[in-house]
Amino acid sequence: MTHTPVWFMRQAGRSLPEYRAARGSGSILASIAQPDVAAEITLQPVRRYGVDAAILFSDIVVPVHAVGFGVEVEPGRGPVVAQPFRGAGDLARLRPLEPEVDLPYVAETVTLAVGELASFGVPLIGFAGAPFTVASYLVEGGPSRTFARTKSLMHTEPGLWAELLDRLADMSVAFLGAQVAAGAAAVQLFDSWAGCLSPSDYERFVLPTTRRVLAEIGRTGVPTILFGVGTGELLPLMATAGADVVGVDWRVPLHEARRRVGPGCAVQGNLDPALCLAPFDLVAAEARSVLEAAGAEPGHVFNLGHGVLPETDPGILGALVDLVHTEGRAGVSR
Ligand code: CP3
Numbered sequence: 002m003t004h005t006p007v008w009f010m011r012q013a014g015r016s017l018p019e020y021r022a023a024r025g026s027g028s029i030l031a032s033i034a035q036p037d038v039a040a041e042i043t044l045q046p047v048r049r050y051g052v053d054a055a056i057l058f059s060d061i062v063v064p065v066h067a068v069g070f071g072v073e074v075e076p077g078r079g080p081v082v083a084q085p086f087r088g089a090g091d092l093a094r095l096r097p098l099e100p101e102v103d104l105p106y107v108a109e110t111v112t113l114a115v116g117e118l119a120s121f122g123v124p125l126i127g128f129a130g131a132p133f134t135v136a137s138y139l140v141e142g143g144p145s146r147t148f149a150r151t152k153s154l155m156h157t158e159p160g161l162w163a164e165l166l167d168r169l170a171d172m173s174v175a176f177l178g179a180q181v182a183a184g185a186a187a188v189q190l191f192d193s194w195a196g197c198l199s200p201s202d203y204e205r206f207v208l209p210t211t212r213r214v215l216a217e218i219g220r221t222g223v224p225t226i227l228f229g230v231g232t233g234e235l236l237p238l239m240a241t242a243g244a245d246v247v248g249v250d251w252r253v254p255l256h257e258a259r260r261r262v263g264p265g266c267a268v269q270g271n272l273d274p275a276l277c278l279a280p281f282d283l284v285a286a287e288a289r290s291v292l293e294a295a296g297a298e299p300g301h302v303f304n305l306g307h308g309v310l311p312e313t314d315p316g317i318l319g320a321l322v323d324l325v326h327t328e329g330r331a332g333v334s335r
């Protein structure tokens with residue numbers, strides 16, 4: 002590949018009319034559990050935008066939902082947990098994930114999607130939530146601004162915290178393993194909310210478990226991406242987690258992100274998704290700054306700094322892909 006590869010987090014989603022049509026009005030977890038629907042939604046952005054990768058249509062809470070922890074996804078809000086994780090007694094609610102029994106529909110979706118993607122020559126990226134970000138939903142009971150209960154738990158009961166993270170790590174490894182076995186060509190670990198942590202807390206309470214997930218999944222041979230929002234101060238630590246690529250949000254320019262992650266990792270990002278609501282000449286100027294900041298050396302995957310916003314005009318994203326393909330020169334990741 003001579004151009005910079007490009008895909009978008011949340012490229013399959015509410016900004017696409019064909020997504021809204023395929024998804025209907027039921028629970029997102031029900032759509033995810035229907036392989037024909039989930040594979041169709043996975044393919045939609047590839048057809049419409051010509052992106053260089055598809056990302057599996059699923060969610061980070063699918064494994065904990067599948068073992069019966071009691072997680073639902075509320076429209077417009079996100080994951081909510083009726084009985085949050087409060088103590089050692091709740092560990093029993095997180096039994097090991099058996100992908101073929103608990104979520105056979107995920108491997109079926111991957112198989113269907115990979116089969117259809119072959120005619121486009123486009124790979125499928127699988128994904129899982131990183132243990133910290135999934136734990137934050139289980140402990141807080143829903144989306145949070147402060148992550149106060151989560152931070153309190155890790156400091157006051159570090160042993161219990163470590164056990165919780167270990168169980169979630171095993172689930173992520175099993176979830177990712179099933180996706181890779183069914184044909185996913187790369188995986189992204191979403192530690193979306195890790196940016197709420199200080200570097201020392203990240204290093205002590207999160208990094209060791211993240212490292213284990215990446216090491217175990219790295220053994221399958223697929224490239225790995227580690228992403229979080231607001232992680233500017235964590236980038237040097239994230240670069241030691243063992244991922245091939247570190248995702249960067251829009252707050253740190255990519256030349257600086259490259260300096261912080263060092264030569265061992267490629268970078269992915271990082272156009273501000275909110276700017277995609279602007280007229281295309283502004284989007285184009287911002288996209289060119291991202292390409293320029295990334296430099297011409299290999300090891301840049303173009304993406305947004307976080308997910309596509311539902312209000313985004315799909316035409317803007319299509320034109321953005323064309324611009325990156327025409328002007329991006331970073332080639333494939335190193
Ligand atoms: O295109 C893709 O990126 C693949 C699909 C995908 C979804 N969720 C589908 C989805 C991916 C990669 C995820 C991961 C995910 N889920 C993350 C990590 C990524 C990130 O945004 O940082 C997180 C934190 C979640 C939890 C979650 N699920 C949230 C915060 C929400 C949004 C709530 C809302 O309605 O605004 C969801 C629901 C969800 N997952 C939607 C989609 C397309 C939107 C709801 C819908 O269509 O009903």
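With our numbering, the residue at position 100 of the sequence shown is 101, and numbering never jumps. The C-beta atom is built at its ideal place from N, Cα and C for all residues, glycine as well.
Nearest-angstrom Cα separation, counted from Ser-145 out to Pro-364: The structure shown does not extend to residue 364, since the chain is modelled only from 2 through 335, so no value can be given for it.
Where the alpha helix (DSSP H) through Ala-286 begins and ends: Residue 286 sits at position 285 when you count from the first residue of the sequence shown. Taken as a continuous stretch (DSSP letters only), the alpha helix (DSSP H) holding Ala-286 covers 281–295.
In its own chain, which residues sit with a C-beta less than 6 Å from the C-beta of His-326, not counting the 5 before and 5 after it? By 1-based counting over the sequence shown, the position of residue 326 is 325. His-4.
Say yes only if the C-beta of Gly-159 is nearer than 6 Å to one or more non-hydrogen atoms of the ligand CP3, and no if none qualify. In the sequence shown, the residue the question calls residue 159 occupies position 158. The displayed chain sequence assigns Pro, not Gly, to residue 159. Not so, every heavy atom of the ligand CP3 lies at least 6 Å from the Cβ.
beta-carbon Arg-11 near the ligand CP3 non-hydrogen atom, thresh 6 Å: Looking up residue 11 in the sequence shown gives position 10. True, at least one ligand heavy atom lies under 6 Å from that Cβ.
Can we say the segment 173–193 touches the segment 218–232, given the rule of at least three CB pairs closer than 8 Å? yes
Does at least one heavy atom of the ligand CP3 sit under 6 Å from the Cβ of Val-74? Along the sequence shown, read from residue 1 onward, the residue named residue 74 stands at position 73. Because some heavy atom of the ligand CP3 lies under 6 Å away, the Cβ of Val-74 counts as near it: yes.
Could you tell me whether the segment 167–183 touches the segment 247–260, using the rule of 3 or more Cβ pairs below 8 Å? no
Kindly give me the distance between the Cβ atoms of Arg-330 and Ala-297, rounded to whole angstroms, as I take these residues to be in contact under 8 Å. Walking along the sequence shown from the start, residue 330 turns up at place 329. Walking along the sequence shown from the start, residue 297 turns up at place 296. Confirmed, about 5 Å.
From Gly-77 to Asn-304, what does the alpha carbon distance come to, in whole angstroms? By 1-based counting over the sequence shown, the position of residue 77 is 76. By 1-based counting over the sequence shown, the position of residue 304 is 303. Distance between the alpha carbons of Gly-77 and Asn-304 is about 23 Å.
Which stretch, first to last residue, makes up the alpha helix (DSSP H) that contains Glu-312? Locating residue 312 in the sequence shown gives position 311, where the first residue counts as 1. Neither: Glu-312 is in no alpha helix (DSSP H) and is coded neither H nor E.
What are the boundary residues of the beta strand (DSSP E) that includes Thr-5? Working through the sequence shown from its first residue, we reach residue 5 at position 4. Thr-5 -> no beta strand (DSSP E), and no H or E assigned at all.
Measure from the alpha carbon of Asp-37 to the alpha carbon of each residue in Gly-69, Ser-26, Val-107, Leu-92, then state which is nearest. Numbered from 1 along the sequence shown, position 36 holds the residue referred to as residue 37. With distances taken between Cα atoms, Asp-37 lies closest to Val-107.
Spatial distance of Leu-161 from Ala-89 (CA atoms): Here the question's residue 161 lines up with position 160 in the sequence shown. Here the question's residue 89 lines up with position 88 in the sequence shown. If you take the alpha carbons of Leu-161 and Ala-89, they lie about 7 Å apart.
With DSSP as the reference, label Phe-206 as helix, strand or coil. Within the sequence shown, numbered from 1, the residue matching residue 206 stands at position 205. Phe-206 falls in the helix class under three-state DSSP.
On the three-pair Cβ rule with 8 Å, is the segment 108–124 touching the segment 36–54? yes
Euclidean distance between Cα positions of Ser-201 and Leu-154: Within the sequence shown, the letter at position 200 stands for residue 201. Within the sequence shown, the letter at position 153 stands for residue 154. When rounded, the distance between both Cα atoms is 16 Å.
Nearest-angstrom Cα separation, counted from Arg-21 out to Leu-324: The residue given as residue 324 occupies position 323 in the sequence shown. The residue given as residue 21 occupies position 20 in the sequence shown. One C-alpha to the other measures close to 27 Å.
With 7 Å set as the bound, which would you pick, yes or no: does the beta-carbon of Asp-314 sit closer than that to a beta-carbon of chain C? The structure shown contains no chain C; it holds only a single protein chain.
Gly-219 and Val-111 closer than 7 Å at C-beta: Locating residue 219 in the sequence shown gives position 218, where the first residue counts as 1. Locating residue 111 in the sequence shown gives position 110, where the first residue counts as 1. No; because the gap between Cβ atoms is not below 7 Å, this pair is not in contact.
Inter-residue Cα distance where the pair is Glu-287 and Phe-9: Within the sequence shown, numbered from 1, the residue matching residue 287 stands at position 286. Within the sequence shown, numbered from 1, the residue matching residue 9 stands at position 8. The alpha-carbon atoms of Glu-287 and Phe-9 are separated by roughly 16 Å.
Between which two residues does the alpha helix (DSSP H) harbouring His-256 extend? For the purposes of this step, residue 256 is identified with residue 255 of the sequence shown, where counting begins at 1. 255–262 is the extent of the alpha helix (DSSP H) around His-256.
Please state the DSSP three-state secondary structure of His-307. The residue you call residue 307 lines up with position 306 of the sequence shown. In the structure shown, His-307 sits in coil (DSSP, three-state: anything other than H, G, I, E or B).
Could you please give the first and the last residue of the uninterrupted beta strand (DSSP E) stretch that includes Ala-129? Numbered from its first residue, the sequence shown carries residue 129 at position 128. Residues 125–130.
Looking at the unbroken alpha helix (DSSP H) that takes in Ile-29, where does it start and where does it end? Taking the first residue of the sequence shown as position 1, residue 29 is located at position 28. It spans 29–33 - the alpha helix (DSSP H) in which Ile-29 sits, taken as one unbroken run.
Under 6 Å from any heavy atom of the ligand NAP, does the C-beta of Ile-56 make it? This structure does not include the ligand NAP; its bound ligands are the ligand CP3.
Does Phe-133 come out as helix, strand or coil in the three-state DSSP assignment? Position 132 of the sequence shown, counted from the start, is the residue given in the question as residue 133. Note: Phe-133 maps to helix in three-state DSSP.
Same chain, Cβ closer than 6 Å to Gly-51, five either side skipped, listed in chain order: As a first step, residue 51 must be located in the sequence shown, where it is residue number 50. Only Val-322 meet the Cβ criterion.
What is the DSSP secondary structure of Thr-110, reduced to helix, strand or coil? On the sequence shown, position 109 is the one that residue 110 refers to. DSSP places Thr-110 in helix when its eight states are reduced to three.
Looking at Gly-14 and the ligand CP3, is the gap between the Cβ and the nearest heavy atom below 6 Å? Counting from one through the sequence shown, the residue named residue 14 turns up at place 13. Because some heavy atom of the ligand CP3 lies under 6 Å away, the Cβ of Gly-14 counts as near it: yes.
Run of the alpha helix (DSSP H) containing Pro-80, from where it starts to where it stops: Taking the first residue of the sequence shown as position 1, residue 80 is located at position 79. It is not in any alpha helix (DSSP H) - Pro-80 instead sits in the beta strand (DSSP E) that spans 79–82.
Under the criterion of a Cβ to heavy atom distance below 6 Å, does Phe-128 qualify as lining the ligand CP3? The residue given as residue 128 occupies position 127 in the sequence shown. It does: the Cβ of Phe-128 is within 6 Å (strictly closer) of some heavy atom of the ligand CP3.
Would you kindly report the start and end of the unbroken beta strand (DSSP E) that includes Val-268? For the purposes of this step, residue 268 is taken as residue 267 along the sequence shown, with counting starting at 1. Note, Val-268: beta strand (DSSP E), 267–272.
Taking only heavy atoms of the ligand CP3 into account, decide whether any of them is closer than 6 Å to the Cβ of Ser-193. Within the sequence shown, residue 193 is the residue found at index 192, counting from 1. Result yes, Cβ under 6 Å from the ligand CP3.
Return yes when the C-beta of Ile-29 is under 6 Å from any heavy atom of the ligand CP3, and no when it is not. For this step, residue 29 is matched to residue 28 along the sequence shown. Yes; taking the cut-off as 6 Å, the Cβ of Ile-29 has a heavy atom of the ligand CP3 nearer than that.
Do the CB positions of Gly-270 and Val-249 come within less than 7 Å of each other? Your numbering for residue 270 matches position 269 in the sequence shown. Your numbering for residue 249 matches position 248 in the sequence shown. Yes; because the gap between Cβ atoms is below 7 Å, this pair is in contact.
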